[in-house]
Amino acid sequence: MHPVIHLIGLPTDQNSSFERGAALAPPAIRAALWSDRGNLSAQSGLEIGTDVNLKDLGDLPLSNVDCAADDASIIRAVTESLDIDAIPLLLGGDHAVSYPVVAALAARHGPLNILHFDAHPDLYADFEGNPRSHASPFARILEGGHAKHIVQVGIRTLNKHCREQAARYNVDILPMLNFEVDMVPILSGPIYISVDLDGIDPSEAPGVAHPEPGGLTVREVLSIISKQSAQIVGADIVELNPARDVNDITAIVAAKLVREIAAQMHQNYDHL
Ligand code: MN
Ligand code: MN
538 MHPVIHLIGL PTDQNSSFER GAALAPPAIR AALWSDRGNL SAQSGLEIGT DVNLKDLGDL
598 PLSNVDCAAD DASIIRAVTE SLDIDAIPLL LGGDHAVSYP VVAALAARHG PLNILHFDAH
658 PDLYADFEGN PRSHASPFAR ILEGGHAKHI VQVGIRTLNK HCREQAARYN VDILPMLNFE
718 VDMVPILSGP IYISVDLDGI DPSEAPGVAH PEPGGLTVRE VLSIISKQSA QIVGADIVEL
778 NPARDVNDIT AIVAAKLVRE IAAQMHQNYD HL
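The opening residue of the sequence shown carries number 538 in my numbering; numbering runs sequentially from there.
As structure tokens, then:
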């Protein structure tokens, strides 16, 4: 059995904390994905379209002012994909979108094992008074009981509050200090992958609101994803800010991640 993968854009940045712009990311990623500048193959040899059934559903119409209404729209869209056994692959938007996406997936599959790439742990109880901040989605996911286990890779901004939150929720943080790809565990299913593009080094992904030097290479991210063998039930690629991008390089990185994650979803299907 081969899965259908639904590509869904979430044009929202209402929960960004410093500067907005991530709402413009989905069309920028789509332009890079479907551009003739590259082809549609993944590193495994699987090809999007020929082997991997990736269906682009376009962008969800979001208000980008009413968070509760937009959360409900996101949950409805993800649930509609699940109702026809499709696997949702979401394009943010700011990182706050992971919370409704994971909530909808966990309602179907039970608590998920989450592989989270980010410079930041996004575990704030609230950030500057906003509990739905893009700095807080994994606190909300853990409070909601939507995660069995979270492994965070790329972290290099851990402060006291987030260290306490990580200990409280038993989050497995693999900091960049002394990082090796082999430290990342092979997770059991159901897996959710969340890629905040600022987890990647700004030299390879400059188009983000919070660039943080000393990050992961694109190659490391691809290696970590490709060694996962359990079923991937959903994923998001978030925090591209096209206004800060240089020659579309971050959009091109995001488009490559779409191809690679979709191919990995295809490859791991039925391997719970
Ligand atoms: Mn981040
Ligand atoms: Mn993040």
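Each residue gets a CB set at the ideal place from its N, CA and C atoms; glycine is no exception.
Residue 590 has 541 as its beta-bridge partners, per DSSP. Per the coordinates, the alpha-carbon of residue 690 lies some 6 Å from the alpha-carbon of residue 653.
The beta carbon of residue 688 sits closer than 6 Å to those of 652, 709, all from its chain and outside the five residues before and after it, given in chain order. As for any beta strand (DSSP E) of minimum length 3 sitting wholly inside the region 649-683, the runs are 649-654, ordered along the chain. Between residue 648 and residue 697, the C-beta gap is not smaller than 8 Å, which leaves the two residues out of contact. In the three-state DSSP reduction, residue 730 falls in the strand class (E or B). With 16 or more other Cβ atoms inside 10 Å of its own Cβ, residue 563 counts as buried.
With fewer than three CB-CB distances shorter than 8 Å, the region 756-770 does not count as touching the region 545-554. With a cutoff of 8 Å on beta-carbon distance, residue 681 and residue 547 are scored as not near each other.
Linking residue 664 to residue 675 through their CA atoms gives a straight-line distance of about 12 Å. Contact annotation: residue 577 and residue 545 have beta-carbon atoms that are not nearer than 8 Å. Around the C-beta of residue 543, 16 or more other C-beta atoms lie within 10 Å, and the residue is accordingly described as buried. Annotation: residue 539 to residue 645 spans about 19 Å, alpha carbon to alpha carbon. Under the DSSP definition of a beta bridge, residue 692 partners with 712. When rounded, the separation of the alpha-carbon atoms in residue 793 and residue 569 is 9 Å. Within 10 angstroms of the beta-carbon of residue 797 lie 16 or more other beta-carbons, which makes it buried. Per DSSP, residue 563 is one residue of the alpha helix (DSSP H) stretching across 562-570. Take residue 615, set aside five residues on each side of it, and the residues of its chain with a beta-carbon closer than 6 Å to its own are 625, 638, 641, in chain order. Among the bridge pairs identified by DSSP, residue 686 is matched with 650. Between residue 589 and residue 800, the alpha-carbon positions lie close to 6 Å from each other. Shown here for residue 579: same chain residues with a beta carbon closer than 6 Å to its own, the five before and five after excluded, namely 796, 797, 800 in chain order.
Here residue 602 carries a coil assignment [DSSP, helix/strand/coil]. When rounded, the separation of the alpha-carbon atoms in residue 611 and residue 729 is 16 Å. In this structure, the CA atom of residue 743 is about 20 Å from the CA atom of residue 633. By the Cβ-count criterion, residue 677 is buried, with 16 or more other Cβ atoms from all chains shown falling within 10 Å of its own Cβ. Taken from the Cβ of residue 776, at least one heavy atom of ligand 2 lies inside 7 Å. The beta carbon of residue 718 lies closer than 7 Å to those of 757, 760, 761 in the same chain, with the five residues before and after it left out.
Within its own chain, the residues whose Cβ lies closer than 7 Å to the Cβ of residue 600, once the five positions on either side in sequence are excluded, are 606, 607, listed in chain order.
Annotation for residue 659 indicates a beta carbon within 7 Å of some heavy atom of ligand 2.
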